[in-house]
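Numbering (the numbering used here), first residue to last: 12 to 460.
Structure first, then comments.
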Amino acid sequence: MARVDVIMPQMGESIAEGTLSKWLKQVGDEVKRDEPIFEISTDKVDAEIPAPSAGVLAEILVTEGQTVPVQTLVARIETEKGAAIGASAPAPAGQGASAETQSAGTTGRTAAPMHASSPQGQAATAHASAGVPAGANGLDERLRTKSSPLVRKIAAEHGIEIAEMRGSGIQGRVTRRDIEQYISAGGAASGAASRPSMHAPTGAATHGQLPEPWAGDKVEAMSKMRLLTSDHMVASRRTNAHVTSFFEVDLTRVARIRQKHRAAFEAQSGQKLTFLPFIIRSVVETLRQFPMLNAAVSGTNVILRKPYNIGIAVALEWGLIVPVIKRADDLSLSGIAKALNDLADRARTKKLKPDEVQQATFTITNPGVFGSLMGTPIIPLGTSGILGLGAIEKRPKVIAGPDGEDTIAIRTCAYFSLSFDHRIVDGADADRFLATVKKSLESCPDTVS
């Protein structure tokens with residue numbers, strides 16, 4: 012019989028593990044090559060994973076909700092139709108405590124599958140029966156120190172001892188995100204040992220007791236995406252020096268240009284023409300003049316990013332994700348519209364690739380589509396600015412007439428908010444940035460090329 016292994020994929024350079032959130036196929040189901048068979052969640056992407064081969068799903072080795080390291084065997088596909096199917100459906104939670112579930116006992120995570128017949132499995136069994144602590148020159152320590160070469164290089168450059176840290180990876184493995192957050196927070200090797208786990212309940216247990224449910228309350232566990240969003244938001248507020256400025260922008264000219272060229276543009280390109288491509292184009296042009304808003308803080312250094320990769324926050328029914336338009340400065344308005352629509356559509360259908368949600372240098376969020384007038388968005392880690400777009404609506408405004416007299420006119424306006432990292436961006440530069448974006452949009456050329 013020919014069987015093909017299905018593994019937990021590596022969903023990005025700094026990703027050490029993934030959570031299998033849902034099985035789309037069950038044992039005995041026939042699958043086609045590249046047909047989605049399960050969904051995963053990581054700190055970068057929520058995605059469907061396709062089958063590596065056609066056949067019948069013979070075994071499921073990882074249950075829904077389990078978090079396992081990348082390269083973990085999660086299932087097997089029998090490629091000979093009609094061949095015997097293994098009865099290895101996932102064991103119910105709390106039953107059949109195998110070597111792999113026992114090895115994750117102190118972390119609440121599932122380690123890589125480890126069969127008792129293998130040397131590793133026998134060793135694990137021996138350690139368990141002898142009561143030897145797993146962390147004593149064991150798996151915990153090895154996984155913490157066995158970080159990627161890039162993480163070890165960054166740690167060495169900043170004098171940080173990885174073995175004394177506990178990161179967000181499997182068994183406390185330190186990822187690139189962990190080390191960069193630690194450095195950005197001013198961490199040093201002397202304080203590494205006291206650093207808490209990145210997966211501790213952030214913000215809840217540090218001040219006072221946790222809330223208790225009352226009679227009649229309903230308690231729901233956070234989803235993987237919600238937990239990761241929580242971690243990122245709290246870490247950003249703790250790391251970045253947040254300040255927000257607001258400008259009102261008159262989009263009347265953009266609205267008229269859009270209305271004038273909309274039908275021809277959509278017929279020619281097949282893309283919807285919204286306000287957002289105009290705003291993205293203006294932002295990218297302005298970032299060239301204000302490089303600190305296209306930068307990142309790395310310890311006592313500032314990294315001025317060369318590409319202009321614009322992250323666009325997309326609200327999903329199950330959370331929030333930020334796909335990235337790479338090198339937006341190389342794209343025309345129609346190219347930006349095409350990339351924007353494509354990424355948003357695939358975000359909603361869980362078709363994004365790992366590299367499409369990474370390496371943003373500046374972010375735009377658009378809560379105005381829900382009617383919000385303005386907000387103070389949180390800066391994504393590793394960047395220095397995020398632009399929030401309020402609702403675009405018609406308002407009465409006082410403007411100067413042809414002879415200089417004041418008159419009231421109906422104008423299409425929106426509030427723009429810029430949250431910026433005050434460690435490297437001065438308030439004057441942030442306001443100049445917004446003023447330049449405003450001027451660019453209020454005098455944009457009458458073209459959609």
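Every residue, glycine too, gets a C-beta built ideally from N, C-alpha and C.
Residue(s) in a DSSP beta bridge with residue i
| i | result |
| --- | --- |
| Trp225 | DSSP output for Trp225 lists no bridge partner at all. |
| Trp329 | DSSP lists no partner for Trp329. |
| Asp16 | Arg87 |
| Asn312 | Ser309 |
| Val516 | Since the first residue shown for the chain is 12 and the last is 460, residue 516 is missing from the structure and cannot be characterised. |
| Ser383 | Partner(s): none; Ser383 has no beta bridge. |
| Phe444 | DSSP, once it has assigned bridges, lists no residue as partnering Phe444. |
| Ser52 | Thr30, Asp57 |
| Gly322 | Val335, Thr374 |
Environment of residue i [buried if 16+ CB atoms lie within 10 Å]
| i | result |
| --- | --- |
| Pro222 | exposed |
| Leu384 | exposed |
| Val162 | buried |
| Trp34 | buried |
| Ala216 | No answer about Ala216 holds up, because its pLDDT of 41 lies below 50 and its placement is not dependable. |
| Lys4 | With the chain covering 12 to 460 only, the question about residue 4 has no answer from this structure. |
| Ala226 | exposed |
| Asp457 | exposed |
| Val448 | buried |
| Ser168 | A quick correction: the sequence has Glu, not Ser, at residue 168. It counts as exposed. |
| Gln192 | buried |
| Pro20 | buried |
| Gly412 | exposed |
| Lys337 | buried |
| Met233 | exposed |
| Ala13 | exposed |
| Thr372 | buried |
| Ile410 | exposed |
| Glu70 | buried |
| Thr418 | exposed |
| Ala420 | exposed |
Check: residue i C-beta below 7 Å from any heavy atom of the ligand PLP
| i | result |
| --- | --- |
| Asp16 | Looking for the ligand PLP in the displayed structure turns up nothing, as the structure carries no ligands at all. |
Whole-angstrom C-beta distance between residue j and residue i, which should lie under 8 Å
| i | j | result |
| --- | --- | --- |
| Asn42 | Ile88 | First, the residue type needs correcting, since residue 42 is Val and not Asn in the sequence shown. That belief holds up - the Cβ atoms of Val42 and Ile88 are roughly 6 Å apart, short of 8 Å. |
| Ala294 | Val333 | Residue identity check: residue 294 is Val in the sequence provided, not Ala. Wrong, their Cβ atoms sit about 15 Å apart, outside the cutoff. |
| Glu28 | Thr78 | 6 Å |
| Leu284 | Val81 | So it is not a contact: roughly 40 Å between Cβ atoms. |
| Met236 | Gly330 | 4 Å |
| Phe258 | Leu445 | 4 Å |
| Leu351 | Leu287 | 6 Å |
8 Å Cβ cutoff, residue i in contact with chain B
| i | result |
| --- | --- |
| Ile390 | Given the protein chain composition of this structure (a single chain), no chain B is represented. |
Review point. Hey, is the region 373-381 in contact with the region 231-247, meaning 3+ C-beta pairs nearer than 8 Å?
Key: no
- [ ] With a floor of 4 residues, list each alpha helix (DSSP H) that falls wholly inside the region 249-308, ordered by position along the chain.
- [x] 263-280, 287-298
Margin query: Quick check on the DSSP output: what are the complete beta strand (DSSP E) runs of length 3 or more inside the region 388-429, in order along the chain?
Written below: 396-400, 404-411
Exercise. Between the region 341-351 and the region 387-397, do three or more beta carbon pairs fall short of 8 Å?
Worked result: no
(Q) Measuring CB atoms only, is the region 307-323 touching the region 266-279, in the sense that at least three cross pairs come out at less than 8 Å? (A) Result no; under three Cβ-Cβ pairs closer than 8 Å.
### Query
So, do the region 303-310 and the region 433-441 have three or more beta carbon pairs nearer to each other than 8 Å?
yes
query: Any contact of the region 318-330 with the region 348-365, i.e. 3+ C-beta pairs under 8 Å?
result: yes
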